[in-house]
Amino acid sequence: MLEPKHVEGIHNTHKVFLYTLTTCGWCRKTKALLQELGVAYDYVDVDDQEGANKELAKQEVLKWNPACSFPTIILDDKDCVIGFSEISIRKLASE
Amino acid sequence: MSRISDERVAEVWGRLVLEARDAGYSINPDDGFARDLVRGLLENEVRYGYRACPCRLASGEQERDLDLVCPCDYRDADLDEYGTCYCALYVSSEISRGEKAATSIPDRRPVGGPPASAEEMERVHVAGLTFPVWRCKVCGYLCARPQPPLVCPVCKAGKERFERFM
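Protein sequences, first through last, are from chains A and B.
The numbering used here runs 290 ahead of the 1-based position in the first sequence.
The numbering used here runs 1 ahead of the 1-based position in the second sequence.
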């Protein structure tokens, strides 16, 4: 069972879920911008998962993003944004 | 918290900057960003035993991940097409001069790594060669000698990144 971490924010209109790697620069930039803009989000650092959870997390990413690349961002359980996309992130704070 | 000290990150980052420059490559001019990637490489070295790309999920098995050990097999193709490698540790001279910004690019690595059949490239058969010719999969450097060099003199990739070319 994955245990996503939650980061509070003043913008809660959208459900923002991130699959990230702790070592990745683009994942770090994505989290930093969300935080700077005050967008609330949940995330799972896939490389930090132990044992079966790592495979589980990988399978979840693959469902959304067949390339299994990071960051993979799921919006409102329906849209998927792949990679660091400043425009998509800024949009979250303006709605 | 990171297991890697700032001093160690600075030391490795400094060496990579010099090695890159000597070989005609450039490290991302955003020093903070680049150092974080170096920290990621060192974290992966502790975690997996090799410097797997910080922006890719390594399998933990070195043989399966050889293509994504930094510098990865895809760096030069990505530099040509996008001006940055996948994690953006290496960038084009244009980006290094600050004339263009590095962006997040798609991963050209096949999911799960290169298929086993692609591992052995088709060899060019030339009769009468005194030595086999070895090719560095990272930068394409060729050399004719009994065994590949321990370290590629151009890109510093290890011996295990060489394939028999002729």
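We treat Cβ as the ideally placed atom computed from N, Cα and C, and that holds for glycine.
- Inter-segment contact for the region 125-133 of chain B and the region 101-114 of chain B is absent: fewer than three beta-carbon pairs are separated by less than 8 angstroms.
- Boundaries for Tyr87(B): no beta strand (DSSP E) harbours it, and the DSSP string shows neither H nor E there.
- Under DSSP, no beta-bridge partner is assigned to His304(A).
- Within its own chain, the residues whose Cβ lies closer than 7 angstroms to the Cβ of Ala24(B), once the five positions on either side in sequence are excluded, are Val155, Cys156, listed in chain order.
- Residue-level contact check: Gly341(A) does not touch chain B, since none of the beta carbons of chain B fall below 7 angstroms from its beta carbon.
- Ranked by Cα distance from Glu44(B), the first of Pro55(B), Gly15(B), Ala35(B) is Pro55(B).
- Ile377(A) and Glu161(B) have their C-alpha atoms spaced approximately 41 angstroms apart.
- Listed in chain order, the non-local C-beta contacts of Asp335(A) below 7 angstroms within the same chain comprise Thr310, Leu311, Thr312, local neighbours out to five positions each way being set aside.
- The beta carbon of Leu69(B) lies closer than 7 angstroms to those of Ala53, Cys54, Arg57, Ala59, Arg110 in the same chain, with the five residues before and after it left out.
- Of all residues in the region 37-49 of chain B, those with a C-beta nearer than 7 angstroms to a C-beta of chain A are Asp37, Leu38, Gly41, Glu44, Asn45, reading in chain order.
- Taking a Cβ-Cβ threshold of 7 angstroms, the residues of chain B close to Asp337(A) are Leu58, in chain order.
- Residue contact check for Ser359(A) against chain B: a CB pair falls below 7 angstroms.
- Within its own chain, no residue has a Cβ closer than 8 angstroms to the Cβ of Lys381(A) once the five positions on either side in sequence are excluded.
- With respect to the 7 angstroms criterion, Val152(B) and Ala145(B) are not classified as neighbours on the basis of their beta carbons.
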